[in-house]
Amino acid sequence: MYYGGDYNPEQWPEHVWHDDVALMRRARVNLVTLGVFSWSSLRPAPGRWEFGWLDRVLDLLHDNGIQVNLATPTASPPPWFGRLHPDTLTVTADGARLTHGSRDTYCVSAPAYRDASRELASVLAERYGGHPALAMWHVHNEYGTWCHCDHVAGAFRRWLRARHGDLATLNERWTTAFWSQGYSDWEEIQPPRATQWLPNPSQALDFRRFLSDEMLAHFTEQRDLLRPTGRPVTTNFAFGSWVPVDHWKWAREVDLVAVDDYPTGDLAEESAFVADLARSWAGGKPWILMEQAAGVEYTPRRTLPRPPGDLARTTLIHVERGSIGAMFFQWRASRGGAEQWYHGMVPHAGPDTRTFREIAALGETLAALPPRPAPRPEVSVVWDDEAWWALQNRGLPSRDLDYLEAVKQPHRLLHRAGHHVAFVHPEHDLSPYRLVIVPSLLPISDAALANLAARRGAVLMSFFSAVTDEHLRVRLGGRLPAFGITIKEHRPLAEPLTLSDGTEASLWSEEIALEGAEAVVTYPDGSPALTRFGNTWYLSTRLTDKAYECLLTCLLRRSY
Numbered sequence: 001m002y003y004g005g006d007y008n009p010e011q012w013p014e015h016v017w018h019d020d021v022a023l024m025r026r027a028r029v030n031l032v033t034l035g036v037f038s039w040s041s042l043r044p045a046p047g048r049w050e051f052g053w054l055d056r057v058l059d060l061l062h063d064n065g066i067q068v069n070l071a072t073p074t075a076s077p078p079p080w081f082g083r084l085h086p087d088t089l090t091v092t093a094d095g096a097r098l099t100h101g102s103r104d105t106y107c108v109s110a111p112a113y114r115d116a117s118r119e120l121a122s123v124l125a126e127r128y129g130g131h132p133a134l135a136m137w138h139v140h141n142e143y144g145t146w147c148h149c150d151h152v153a154g155a156f157r158r159w160l161r162a163r164h165g166d167l168a169t170l171n172e173r174w175t176t177a178f179w180s181q182g183y184s185d186w187e188e189i190q191p192p193r194a195t196q197w198l199p200n201p202s203q204a205l206d207f208r209r210f211l212s213d214e215m216l217a218h219f220t221e222q223r224d225l226l227r228p229t230g231r232p233v234t235t236n237f238a239f240g241s242w243v244p245v246d247h248w249k250w251a252r253e254v255d256l257v258a259v260d261d262y263p264t265g266d267l268a269e270e271s272a273f274v275a276d277l278a279r280s281w282a283g284g285k286p287w288i289l290m291e292q293a294a295g296v297e298y299t300p301r302r303t304l305p306r307p308p309g310d311l312a313r314t315t316l317i318h319v320e321r322g323s324i325g326a327m328f329f330q331w332r333a334s335r336g337g338a339e340q341w342y343h344g345m346v347p348h349a350g351p352d353t354r355t356f357r358e359i360a361a362l363g364e365t366l367a368a369l370p371p372r373p374a375p376r377p378e379v380s381v382v383w384d385d386e387a388w389w390a391l392q393n394r395g396l397p398s399r400d401l402d403y404l405e406a407v408k409q410p411h412r413l414l415h416r417a418g419h420h421v422a423f424v425h426p427e428h429d430l431s432p433y434r435l436v437i438v439p440s441l442l443p444i445s446d447a448a449l450a451n452l453a454a455r456r457g458a459v460l461m462s463f464f465s466a467v468t469d470e471h472l473r474v475r476l477g478g479r480l481p482a483f484g485i486t487i488k489e490h491r492p493l494a495e496p497l498t499l500s501d502g503t504e505a506s507l508w509s510e511e512i513a514l515e516g517a518e519a520v521v522t523y524p525d526g527s528p529a530l531t532r533f534g535n536t537w538y539l540s541t542r543l544t545d546k547a548y549e550c551l552l553t554c555l556l557r558r559s560y
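To convert, note that position 55 of the sequence shown is 55 in UniProt numbering; the numbers rise steadily by one, no gaps.
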């Protein structure tokens with residue numbers, strides 16, 4: 001079991017390093033992530049390399065029995081790089097070119113940046129690939145940076161050519177006849193930059209797909225230079241609505257899935273959600289909790305202390321679900337800089353603190369844990385990053401549609417009831433599960449529809465699902481033969497309604513025509529709200545947690 005965190009020795013005098021390793025041994029730390037933001041320390045000026053400090057740190061860690069997850073520091077180029085290559089600086093959707101002064105100041109499509117990234121990976125692999133402290137490679141950090149510059153525009157066009165083949169197909173799939181947007185030349189196509197009003201949702205969705213593929217290419221270029229060293233290669237997945245990463249696709253390319261978990265609200269439920277996603281993305285491969293906060297909860301307005309024991313509780317949620325390690329950001333809280341108030345395993349006050357005592361106690365707990373088999377979930381929830389992206393379209397019938405909440409609601413209710421949950425892609429094998437839940441899956445491919453239709457076990461699909469194809473073109477007619485219904489109208493709700501069983505419905509409703517299905521629960525006007533057609537169920541509104549929990553209990557009982 002790996003245990004440790006991000007270690008940034010370049011931020012501290014060398015005498016502190018010896019204090020660090022002594023405390024690491026005391027806390028049973030056996031792995032540190034090293035060098036994530038070290039570009040300017042490794043290469044402080046063009047043509048000048050400084051390896052001495054990293055050589056000494058690696059040797060010191062190895063001498064103390066601590067392994068290293070060595071990073072390629074491509075997530076934060078130094079000021080000299082942006083000055084030498086101004087075309088690599090990020091351009092926002094409204095055309096502003098950002099300056100250096102924060103992190104992630106790069107364009108992933110800029111040739112100079114890609115060249116420099118490959119050089120960093122190659123040099124690190126050659127120098128440290130055989131070091132006895134090296135356990136794994138950590139490429140980049142939290143991929144997710146957007147750019148709309150001309151480099152990106154050119155790469156986007158090339159990606160579109162490969163995806164759609166010709167302009168006639170693209171124009172049809174993007175429905176460019178609307179608002180006179182038809183393209184006659186590939187050079188007319190731009191990234192979805194700032195425009196007069198609503199952007200084309202098909203273009204916006206394709207741009208997120210492109211960004212995911214473009215960043216993945218940046219990762220695999222470095223991965224292929226690092227793999228010959230014989231050590232596994234990963235990168236840490238950040239999780240947020242702004243992150244254009246197709247996690248299913250990326251999980252196939254990493255040697256182990258690594259996730260960051262910074263929960264808010266009910267920390268146990270949120271951590272279980274992220275852990276189940278990571279385990280599911282890994283698909284049987286190893287996975288690891290790569291970052292979490294040390295003893296605090298970060299909220300938009302303040303950093304909140306966590307109750308005693310809470311740090312261990314959420315960590316063990318990940319371990320229970322199969323994580324091969326528990327890592328933190330970061331080892332020692334930074335004295336200055338933008339994240340100086342982000343807590344560390346060693347706080348500013350040092351080891352004589354509750355946080356460090358809990359860190360040391362957790363290290364003892366993890367070291368004593370026996371191996372345990374991974375859970376075998378009997379319930380699955382469909383997860384599709386593209387559906388999350390699609391529901392962020394500002395032109396939808398309701399601004400209150402929330403894909404993440406639609407997915408989290410059944411997960412947290414099943415978690416509370418003691419069920420382990422797997423997440424699945426809609427085109428994956430669904431046969432291992434007693435129940436498959438499909439929440440608000442707006443775009444769906446023909447293959448995914450056929451996959452759901454072929455399933456013999458129980459399926460619960462919720463509102464605003466299977467409405468469009470993968471290009472966001474509406475599936476005309478509204479028929480869902482596998483569910484025995486036709487959706488006639490979508491009717492967002494301004495106020496809650498009381499259903500025929502006395503439960504409350506909110507957010508959304510639909511006019512449903514029964515075509516073989518039966519109405520199980522109805523709206524006040526007698527029209528169907530929840531339908532059943534054999535083993536397939538359709539829920540056309542949002543239920544309260546209590547009502548949804550009753551529905552899930554009923555479906556699981558029937559599925560035996």
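Backbone N, C-alpha and C define an ideal beta-carbon position, used for all residues, glycine too. Note that the coordinates shown come from a computational prediction; the quantities given were computed from them, not determined experimentally.
{"Asked": "Rounded Cβ spacing between residue 500 and residue 433 (contact assumed at less than 8 Å)", "Found": "29 Å between Cβ atoms; not a contact."}
{"Asked": "Pick from 487, 557 and 504 that is closest to residue 531, judged by C-alpha positions", "Found": "487"}
{"Asked": "According to DSSP, residues forming a beta bridge with residue 67", "Found": "31"}
{"Asked": "Contact set for residue 598: own chain, Cβ-Cβ below 8 Å, skip 5 residues either direction", "Found": "As shown, the chain starts at 1 and ends at 560. That puts residue 598 outside it, with no answer to give."}
{"Asked": "Length at least 3, wholly inside the segment 285–365: the beta strand (DSSP E) runs in chain order", "Found": "287–292, 296–298, 303–305 and 325–328"}
{"Asked": "First through last residue of the beta strand (DSSP E) which encompasses residue 521", "Found": "518–522"}
{"Asked": "Sub-8 Å separation of residue 606 and residue 212 beta-carbons", "Found": "Here the chain comprises residues numbered 1 to 560, so residue 606 is not present and cannot be evaluated."}
{"Asked": "Same chain, Cβ closer than 6 Å to residue 484, neighbours up to 5 away in sequence not counted", "Found": "515, 516, 517 and 533"}
{"Asked": "Rounded separation between residue 62 and residue 305 - CA only", "Found": "34 Å"}
{"Asked": "Beta-carbon separation (whole angstroms), residue 295 vs residue 343, contact threshold 8 Å", "Found": "6 Å"}
{"Asked": "Classification of residue 271 by the beta-carbon crowding that lies within 10 angstroms, buried from 16 upward", "Found": "buried"}
{"Asked": "Beta-carbon contacts of residue 127 that lie in its chain and below 8 Å, excluding the five residues immediately before and after", "Found": "51"}
{"Asked": "Through-space distance from residue 401 to residue 345, alpha-carbon basis", "Found": "38 Å"}
{"Asked": "Which residues DSSP lists as bridging residue 3, in chain order", "Found": "326"}
{"Asked": "Nearest neighbour of residue 240, chosen from 460, 404, 470 and 44 [CA to CA]", "Found": "404"}
{"Asked": "For residue 40, the first and last residue of its enclosing alpha helix (DSSP H)", "Found": "39–42"}
{"Asked": "Terminal residues of the beta strand (DSSP E) in which residue 164 lies", "Found": "Unbroken run through residue 164 is the alpha helix (DSSP H), 150–164; no beta strand (DSSP E)."}
{"Asked": "Residues near residue 468 by beta carbon distance below 8 Å, same chain, minus five either side", "Found": "390, 442, 443, 444, 474 and 475"}
{"Asked": "Three-state secondary structure (DSSP) of residue 529", "Found": "strand"}
{"Asked": "Coarse secondary structure for residue 97, derived from DSSP in three states", "Found": "strand"}
{"Asked": "Sub-8 Å separation of residue 192 and residue 93 beta-carbons", "Found": "yes"}
{"Asked": "Ranges of the alpha helix (DSSP H) found wholly within the segment 384–450, counting only runs of at least 4", "Found": "385–390 and 403–416"}
{"Asked": "Residue 103 beta carbon less than 8 Å from that of residue 75", "Found": "yes"}
{"Asked": "Whether residue 319 touches residue 369 by CB criterion (8 Å)", "Found": "yes"}
{"Asked": "Member of 46, 372 and 152 whose CA lies at the smallest distance from the CA of residue 323", "Found": "372"}
{"Asked": "CB contact flag (residue 498, residue 524, <8 Å)", "Found": "yes"}
{"Asked": "Bounding residues of the beta strand (DSSP E) (the contiguous stretch that carries residue 137)", "Found": "134–139"}
{"Asked": "Cut-off 7 Å between Cβ atoms - residues of its own chain near residue 317, not counting five sequence neighbours on either side", "Found": "268, 271, 272 and 275"}
{"Asked": "CB of residue 415 within 8 Å of CB of residue 377, strictly", "Found": "no"}
{"Asked": "For residue 512, the residue or residues it bridges with in DSSP", "Found": "487"}
{"Asked": "Cut-off 8 Å between Cβ atoms - residues of its own chain near residue 374, not counting five sequence neighbours on either side", "Found": "279, 321 and 322"}
{"Asked": "C-beta atoms of residue 4 and residue 31 nearer than 8 Å", "Found": "yes"}
{"Asked": "With 16 other Cβ atoms within 10 Å as the buried cut-off, status of residue 496", "Found": "exposed"}
{"Asked": "Residue 125 and residue 235 closer than 8 Å at C-beta", "Found": "no"}
{"Asked": "Spatial distance of residue 479 from residue 513 (CA atoms)", "Found": "9 Å"}
{"Asked": "C-alpha gap between residue 255 and residue 226, whole angstroms", "Found": "12 Å"}
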